[in-house]
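Letter by letter, the sequence shown follows residues 64 to 503 of the working numbering. We treat Cβ as the ideally placed atom computed from N, Cα and C, and that holds for glycine. Structure record follows, encoded as structure tokens.
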Amino acid sequence: MHVTVISPDIYTYGAMLIGGILREGGYDVSVGRKYAAPPSETVFLSLYSTLHLLDPRLKDFISRHRERGGRCYVGGPVSAYPEIVLGELEPDAVVVGEGENTVLSLLQTGPVPDLPGIAVREGGRIRINPPEIPASLDRPIPLIPDDIGTQDIRGANVYIETHRGCLGSCTFCQVPRFFGHDIRSRTIDSVLAEVRAFKEKGMRRVSISGGTGSLFQYENGTLNTAAFIELLSGMADIMGSSNISAPDIRADCINDEILEAIKKYTIGWIFFGIESGSDRILRLMGKGITAATVSDAIDECRNHGLSVAGSFIVGFPTETAKDFQATKKFIASAGLDDVFVSIAEPIPETPLAKLVLDTPQKDNPSCVPTKGEYRSLGLTESEARCFDLSMHADMYKPRLHVVTDQIFDAYLTEVRRQGTDIRNVTDLLFRYYGRDDGPG
Ligand code: SF4
Numbered sequence: 064m065h066v067t068v069i070s071p072d073i074y075t076y077g078a079m080l081i082g083g084i085l086r087e088g089g090y091d092v093s094v095g096r097k098y099a100a101p102p103s104e105t106v107f108l109s110l111y112s113t114l115h116l117l118d119p120r121l122k123d124f125i126s127r128h129r130e131r132g133g134r135c136y137v138g139g140p141v142s143a144y145p146e147i148v149l150g151e152l153e154p155d156a157v158v159v160g161e162g163e164n165t166v167l168s169l170l171q172t173g174p175v176p177d178l179p180g181i182a183v184r185e186g187g188r189i190r191i192n193p194p195e196i197p198a199s200l201d202r203p204i205p206l207i208p209d210d211i212g213t214q215d216i217r218g219a220n221v222y223i224e225t226h227r228g229c230l231g232s233c234t235f236c237q238v239p240r241f242f243g244h245d246i247r248s249r250t251i252d253s254v255l256a257e258v259r260a261f262k263e264k265g266m267r268r269v270s271i272s273g274g275t276g277s278l279f280q281y282e283n284g285t286l287n288t289a290a291f292i293e294l295l296s297g298m299a300d301i302m303g304s305s306n307i308s309a310p311d312i313r314a315d316c317i318n319d320e321i322l323e324a325i326k327k328y329t330i331g332w333i334f335f336g337i338e339s340g341s342d343r344i345l346r347l348m349g350k351g352i353t354a355a356t357v358s359d360a361i362d363e364c365r366n367h368g369l370s371v372a373g374s375f376i377v378g379f380p381t382e383t384a385k386d387f388q389a390t391k392k393f394i395a396s397a398g399l400d401d402v403f404v405s406i407a408e409p410i411p412e413t414p415l416a417k418l419v420l421d422t423p424q425k426d427n428p429s430c431v432p433t434k435g436e437y438r439s440l441g442l443t444e445s446e447a448r449c450f451d452l453s454m455h456a457d458m459y460k461p462r463l464h465v466v467t468d469q470i471f472d473a474y475l476t477e478v479r480r481q482g483t484d485i486r487n488v489t490d491l492l493f494r495y496y497g498r499d500d501g502p503g
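Now the structure itself:
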């Protein structure tokens, strides 16, 4: 039997992982990035964004494929809210949570209602069977497409998974809700075997998947610095240090040895999820660190000769003009080498989504028009802050950045796109969980 695994637009690691498990299970499998599959066969859709649930092309593909006798199953991060997936896309089933233990049984039995790890419609109700958590993260080599070397995700062809779980509890983030707070790590040998396999298929640049890279093999409340260094050093032996990107790391999960290893075995960048310069907003976000902790971490990185990038989230519910000014001040003093700004996205089932549902619209910057400097552009307050902060950050980067008309237009287009996406996700939230007086 032939099976297709599709992840929209990019080959996600998760889609390749499921492809590898199905191949090992004896199936003829392909992994694709477009909505296409021969009639009558089974399709697994690995969806990593809530916006996929609102994509009419995807809904149309699933409906047509099922009409032609094929089966469609949806998994990936969106499976954290199976009611919405079933309601919006109407697949045969949702593979809930970590899908490794589910996909082979699902192919053997079909979506029988009592199968662990799936969500299905049963009569007029939705039945959700919790998944079995994999006892070990050892698994077959992923199914790697021949053109993997052409993919570019933030400068890397692939983000390889080294561990699951996060100690953090950031209220906007899905990672601890999806994988839990316990850190479950792979063995160094298995990660390195995978890096070799990707390289043989044409991978040129590799990074470690999101979360906090230095939590690799974290045990008994302690960072396993030696294991992290061995991992990076082994990856550098295979790929060369100029082809390995620094992993995302929490500002409170570093030490001198970790920073030295990042300098020695990677391209020498570190990426912090800073999010805000306001301690009030950081508390509301559940970051568990203060702006001062991040400032100190940036200084430590500089002492090791690393370049530092940071991401910021604007438009968190109840974020005031004063909070926003604190973020601008932080950026001015930090002089980050690169900055990414996004509007707070209320991913369903996160505490942020609940906060958005509970916050009066007048206190949600994503729901009110700006009255400030950019009001003539017709932006919401969140869009205006995203736009303002992007240009502000450029002024304080160590290398000269001039905001030309082209850059101004590019930022404006980007914040409008983000604003529209956030409104659509917020509408979706209110449709499934919301008050009658919510948007939409
Ligand atoms: S530290 Fe990063 S991965 Fe962990 S919960 Fe916060 S944002 Fe998510």
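Sub-9 Å separation of Phe493 and Leu420 beta-carbons = Within the sequence shown, the letter at position 430 stands for residue 493. Within the sequence shown, the letter at position 357 stands for residue 420. Taking 9 Å as the Cβ cut-off, Phe493 and Leu420 qualify as a contacting pair.
Can you tell me the Cα-Cα spacing of Ile223 and Gly274, whole angstroms?
-> Counting from 1 along the sequence shown, the entry for residue 223 is found at position 160. Counting from 1 along the sequence shown, the entry for residue 274 is found at position 211. Those two C-alpha atoms are separated by around 12 Å.
Following the continuous alpha helix (DSSP H) through Ile84, name the residue where it begins and the one where it ends.
-> Position 21 of the sequence shown, counted from the first residue, corresponds to residue 84. Element bounds for Ile84: 76-87.
Cross-strand partners of Cys135 (DSSP beta bridge) = Within the sequence shown, numbered from 1, the residue matching residue 135 stands at position 72. Answer by DSSP bridge pairing, in chain order: Val106.
Gly132 and Val159: beta carbons closer than 9 Å?
-> Counting from one through the sequence shown, the residue named residue 132 turns up at place 69. Counting from one through the sequence shown, the residue named residue 159 turns up at place 96. Cβ distance not < 9 Å, so Gly132 and Val159 don't count as in contact.
Using CA coordinates, which residue listed in Cys236, Asp468, Met298 is at the minimum distance from Ile251?
-> Taking the first residue of the sequence shown as 1, we reach residue 251 at position 188. Per the Cα distances, Met298.
Can you have a look at Thr165 and say buried or exposed, based on whether 16 or more other CB atoms are within 10 angstroms of its CB?
-> Translated into the one-based positions of the sequence shown, residue 165 becomes position 102. Buried.
Within the same chain, show all residues whose beta-carbon is closer than 7 Å to that of Ala395, passing over the 5 residues directly before and after it, in chain order.
-> Numbered from its first residue, the sequence shown carries residue 395 at position 332. These residues qualify, in order along the chain: Tyr459.
Can you have a look at Gln506 and say buried or exposed, based on whether 16 or more other CB atoms are within 10 angstroms of its CB?
-> For residue 506 there is no data in the structure shown, the boundaries of the chain being 64 and 503.
Using 10 angstroms around the beta-carbon of Leu538, count the other beta-carbons present and answer buried if the total reaches 16, otherwise exposed.
-> Only positions 64 to 503 of the chain appear in the structure, and residue 538 is not among them; the question remains open.
What do you reckon, is the C-beta of Phe375 under 8 Å from a heavy atom of the ligand SF4?
-> Indexing the sequence shown from 1 puts residue 375 at position 312. Result no, Cβ not under 8 Å from the ligand SF4.
Any heavy atom of the ligand SF4 closer than 8 Å to the Cβ of Asp245?
-> Here residue 245 refers to the residue found at position 182 when the sequence shown is read from its first residue. Not so, every heavy atom of the ligand SF4 lies at least 8 Å from the Cβ.
Hey, could you find the ends of the beta strand (DSSP E) Asp401 is sitting in?
-> On the sequence shown, residue 401 is found 338 positions in, with the first residue counted as 1. First-last of the beta strand (DSSP E) with Asp401: 401-406.
Give the single residue among Arg247, Ser248, Ser270 whose Cα lies nearest to the Cα of Val258.
-> One-based indexing of the sequence shown puts residue 258 at position 195. If we check each option's Cα against that of Val258, Ser270 comes out closest.
For the ligand HEM, is there a heavy atom less than 8 Å away from the beta-carbon of Pro174?
-> No copy of the ligand HEM appears in this structure; the ligands present are the ligand SF4.
Cβ shell of Cys316 (< 7 Å), same chain only, five flanking positions each side left out | Numbered from 1 along the sequence shown, position 253 holds the residue referred to as residue 316. So the qualifying residues of the chain are Thr275, Ser277, Leu278, Leu286.
Determine, using beta carbons only, whether Asp311 and Ile344 come nearer to each other than 9 Å.
-> Counting from 1 along the sequence shown, the entry for residue 311 is found at position 248. Counting from 1 along the sequence shown, the entry for residue 344 is found at position 281. Cβ atoms of Asp311 and Ile344: not closer than 9 Å.
Report buried or exposed for Asn366, applying the criterion of at least 16 other Cβ atoms within 10 angstroms of its Cβ.
-> The residue given as residue 366 occupies position 303 in the sequence shown. When all chains shown are included, Asn366 counts as exposed.
With hydrogens ignored, establish whether the beta-carbon of Gly77 is closer than 8 Å to any heavy atom of the ligand SF4.
-> Within the sequence shown, residue 77 is the residue found at index 14, counting from 1. It does not: the Cβ of Gly77 is nowhere closer than 8 Å to a heavy atom of the ligand SF4.
Should Ser103 go down as buried or exposed, given a rule of 16 or more other Cβ atoms within 10 Å for buried?
-> By 1-based counting over the sequence shown, the position of residue 103 is 40. With fewer than 16 other Cβ atoms within 10 Å, it is exposed.
Would you check whether the ligand SF4 has a heavy atom nearer than 8 Å to the C-beta of Leu286?
-> As a working mapping, residue 286 is identified with position 223 in the sequence shown. Flag unset: Cβ of Leu286 not near the ligand SF4.
Residues bridged to Phe334 (per DSSP) = As a position in the sequence shown, residue 334 is number 271, starting the count at 1. Paired residue(s): Asp311, Ala372.
Specify, as a first and last residue, the run of the alpha helix (DSSP H) that Glu320 falls within.
-> Start at 1 with the first residue of the sequence shown, and residue 320 comes out as number 257. From DSSP, the alpha helix (DSSP H) with Glu320 extends over 319-328.
By how many angstroms is the C-alpha of Glu363 removed from the C-alpha of Asp209?
-> The residue labelled residue 209 in the question sits at position 146 within the sequence shown. The residue labelled residue 363 in the question sits at position 300 within the sequence shown. Between Asp209 and Glu363, the C-alpha separation is close to 40 Å.
Measuring CA to CA, which of Arg217, Ile352, Glu130, Thr113 is closest to Arg313?
-> The count along the sequence shown starts at 1 and reaches residue 313 at position 250. Selected option, being the one with the closest Cα: Ile352.
Does the Cβ of Leu440 have 16 or more other Cβ atoms within 10 Å, making it buried, or fewer, making it exposed?
-> The sequence position of residue 440 within the sequence shown is 377, counting from 1. The residue is exposed, with fewer than 16 neighbouring Cβ atoms inside 10 Å.
Using 10 angstroms around the beta-carbon of Ser199, count the other beta-carbons present and answer buried if the total reaches 16, otherwise exposed.
-> To locate residue 199, count along the sequence shown from 1; it is residue 136. Ser199 comes out exposed.
Name the DSSP beta bridge partners of Asp91, please?
-> For the purposes of this step, residue 91 is taken as the residue at position 28 of the sequence shown. Per DSSP, His65.
Residue closest to Ile410, alpha-carbon to alpha-carbon, out of Asp300, Phe291, Val148, Asn192 | As a position in the sequence shown, residue 410 is number 347, starting the count at 1. Minimum Cα distance to Ile410 is reached at Val148.
Find the nearest neighbour of Val175 within the set Ile361, Ala156, Arg480, judged by alpha-carbon distance.
-> Within the sequence shown, the letter at position 112 stands for residue 175. For Val175, the nearest C-alpha among the options comes from Ala156.
Tell me whether Ser508 counts as near the ligand SF4, meaning its Cβ is closer than 8 Å to at least one heavy atom of that ligand.
-> Because the chain spans 64 through 503 in this model, residue 508 falls outside it and cannot be assessed.
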